[in-house]
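Data block below; observations after.
There are 2 protein chains.
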Amino acid sequence: MRMSEQRRTTIKDVAEAAEVGVATVSRVLSGGSASPATREKVLAAAARLDYRPSALGRNLRRRRTGGIGLLVPDITDTFYARLADGVLTCAQAAGEPVMIGATRDDPEREAELIGSLIEESVERVIAVPSGDGEMWGPAFRAGLSVVFAERPVRGREDVPAVVADDRSGMRTAVEYLAGLGHRRVAFLARHGQEQRVRGFREAMAALGLPVEEELIVRARATRDSAYAAAAGLLQHRTDLTAVLAGGNMLGEAAVLAARELDLRVPRDVSLIMFDDVPWAELCSPPLTVISQPAQDMGYRAAELVLREGRRTRGVTLPTELIVRGSCAARR
Amino acid sequence: MRMSEQRRTTIKDVAEAAEVGVATVSRVLSGGSASPATREKVLAAAARLDYRPSALGRNLRRRRTGGIGLLVPDITDTFYARLADGVLTCAQAAGEPVMIGATRDDPEREAELIGSLIEESVERVIAVPSGDGEMWGPAFRAGLSVVFAERPVRGREDVPAVVADDRSGMRTAVEYLAGLGHRRVAFLARHGQEQRVRGFREAMAALGLPVEEELIVRARATRDSAYAAAAGLLQHRTDLTAVLAGGNMLGEAAVLAARELDLRVPRDVSLIMFDDVPWAELCSPPLTVISQPAQDMGYRAAELVLREGRRTRGVTLPTELIVRGSCAARR
DNA sequence: GTGAAAGCGCTAACAA
DNA sequence: TTGTTAGCGCTTTCAC
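Chains as they are written, first to last, in the working numbering: chain A, 77 to 407; chain B, 77 to 407.
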């Protein structure tokens, strides 16, 4: 005996209550033409019944879903959190729901999440890609429009990407360090940040500094991996005088590892971090950083993916050197 | 620019390819009974066509959506980011998509987001509530099952909530401070953290310390609001000897404000923060904190909301005092 | 074990 | 201007 069989209020209920056909209700509610009288009736009935059109029905019929999918490696990394925030801001303004997934920087998981987005008929995706171009085959075959954020994917140069100006940022950082007299500078990068690695190499070369492959260390997008990379670097290479961290988690790890090894920043080693975060200022010493507009990045990516217009080109956003106290002149 | 009218592969296509009826395909794919021979045929066809069942169709038919909605004030606040991470971890393990929204700690926006979740037929929601009980009327009327996180909502005591043990945490903090000789301790709270405020009052009273209303300051869940609150407090009340920050953003603001006002921590003022974050250790001095299991909170909330079983009770998770260097004995 | 058919809630032709 | 109707892709009786 089901007394309160929670049935959802449907368009049919509204139609009956307003004494019109369902098509009329649909039209009125989506701003179509209708006589003032009927419009009034329908609106009143809808309000009275607290009617909310089912996105399920609509999307099935239209064979598309409005929402946008968002794939980031780790929402716990403030950079991705800010990026996500930008996406949310733009999406909410456009009234689009956002479906989020954490890839853990794992191509396999990424593939799963892409599959899940396809199942949900999400047709727009913003992703900080972890895997290579192949992961994205199913996505394109399914016809969804994707925009990459933070970094492009090799082999998918046709897909628009919203990125920071890594080359310029790296160049600025390396020049700053070189100006301070550093020659042996290491680079802590996240896997996949090849743009930055390339920028680093270029900048070093341009200044006539040696690029030792051993001084370019890669980590995965997790705290543990970052720490291991930083500690390993600092421990084994006592000859380096400066380290450049490719992201805030790498920077955090570097500060921690340095402290653990009793290295003083910036006396024993100078440190500069890509990405500015609130705690950089609270840190001791305050960290010198290359800031990048994370939230903007997300916002722009959302704009791009929302703009139906095909053939949109990617966007490169500027970075900025913010000198604080973690770099010193090399004696 | 799609050249071929990308038609999605449907169950019908698979049925034709496998030379069976659609019902059979459905059955096989959802683990129903079928003869080994047909099962084989269907699976092969599905794989060959790279078939993915449409969640839209399924959900519409079933009149429910699997996904879970997640509403947080600000994903940029690492506490909420960790909470969200917990939710994502659990949801992904269960294969459920997560729809996320940022309420900005604004009841109105929260109401909008709830409405949007209803439209999407999401039937499970985890929320860090901003508004009062009334906001949630439509949600319950629509029959969705919700779990609150971080704090309960007054007037909705029947809704399960996953929270930190605020009373115990506050008590521990206050006792620690009192043991150090502090009597004039201020509390920086976020609006809605009434549990913590209550815990603070109780703890102070229990130790025979005076509770000055003026020393309990509330901020909204934004960096600006937090900073304003902290700066105002520190500026106007030069007689206080310790401040307890109700969350990491409040703590961050307090450190910043103190620095701005040339107050030395812990010499001039002791500081203790609710919620442990990676930078607390990097800060100078390292911050003494009451840690709370944010990611766990999210995970547990997801478990609760996923467990169909109604009448689940809420969960209270333990907190822990982690002494670092931001509190000193009062001379 | 298998298939035909009836919808889930909605929108878009097409009629009236 | 309005209503009728045919599906969108799927699951689920209900016959066979």
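Glycine is no exception: its CB is placed at the ideal position from the N, C-alpha and C atoms. Remember, it's a predicted structure, so these values are computed and weren't measured experimentally.
By the C-beta criterion, the region 118-136 of chain A is judged not to be in contact with the region 175-195 of chain A, since fewer than 3 inter-stretch pairs fall below 8 Å. Between B/S206 and B/G308, the C-beta spacing is not below 8 Å. Only exposed fits A/Q311, as fewer than 16 other CB atoms lie within 10 angstroms of its CB.
For A/P173, the nearest beta carbon of chain B is closer than 8 Å to its own beta carbon.
In the structure shown, A/V104 falls within a helical segment according to DSSP collapsed to helix, strand and coil. Counting only unbroken stretches of 3 or more residues, the beta strand (DSSP E) elements lying wholly within the region 303-351 of chain A are 318-321 and 346-350, in sequence order.
For a Cβ distance threshold of 7 Å, residue set E195 of chain B lies close to A/P129, ordered along the chain. With its beta carbon less than 8 Å from one in chain A, B/C359 belongs to the interface.
With fewer than 16 other Cβ atoms inside 10 Å of its own Cβ, B/D208 counts as exposed. A straight line joining the alpha-carbon of B/V381 with that of B/E199 spans about 10 Å. Contact note: A/L136 reaches chain B through L132, G133 and L136, using a C-beta cutoff of 7 Å and chain order. In this structure, the beta-carbon distance from A/L393 to A/M373 falls below 8 Å. Residue contact with chain A for B/V238: absent (no Cβ-Cβ distance below 8 Å to any residue of chain A).
Within chain A, the residues placing a beta-carbon under 8 Å from that of B/R158 are T152, ordered along the chain. For B/G268, there are no neighbours in chain A by C-beta distance under 7 Å, as the nearest C-beta there is about 20 Å away. If you draw a straight line from the Cα of A/E278 to the Cα of A/A215, it comes to about 34 Å. Approximately 7 Å separates the beta-carbon atoms of B/A262 and B/V293; this is inside 8 Å, confirming the contact.
Here B/T141 is buried, its C-beta having at least 16 other C-beta atoms within 10 Å. Annotation: A/E251 has no Cβ neighbours in chain B at a cutoff of 9 Å; minimum Cβ distance is about 26 Å. Among the residues of the region 279-296 of chain B, none has a Cβ less than 8 Å away from any Cβ of chain A.
Taking a cut-off of 8 Å for Cβ pairs, the region 349-368 of chain A and the region 277-291 of chain A do not touch, as fewer than three such pairs fall below it. A residue is called buried once 16 or more other Cβ atoms fall within 10 Å of its Cβ, and A/G107, having fewer, is exposed. A/S192 has a beta carbon lying within less than 8 Å of a beta carbon in chain B.
Taking 8 Å as the cut-off, the Cβ atoms of B/I202 and B/V223 count as close.
At least one CB of chain B lies nearer than 8 Å to the CB of A/E328. Within the region 240-286 of chain A, the alpha helix (DSSP H) runs of at least 4 residues that lie entirely inside it are, in chain order, 242-255 and 270-282. In terms of beta-carbon proximity, B/V391 stays away from the interface with chain A, with every pair separated by 8 Å or more. Look at A/G145 here: in three-state DSSP terms it is strand. Interface criterion not met: the Cβ of B/L310 is under 8 Å from no Cβ in chain A.
Secondary structure at A/G133: helix, using DSSP grouped into helix, strand and coil. Listed as beta-bridge partners of A/C166 by DSSP are no residues whatsoever.
Within chain A, the residues L358 have their CB atoms less than 8 Å from the CB of B/V331, given in chain order. Among the bridge pairs identified by DSSP, A/L397 is matched with A/I366. The beta carbon of A/W355 sits closer than 8 Å to some beta carbon of chain B. Chain-order list of chain B residues neighbouring A/L164: I151, I176, G177 and A178, by C-beta distance under 9 Å. Residue pairing by DSSP puts A/C359 in a beta bridge opposite B/C359.
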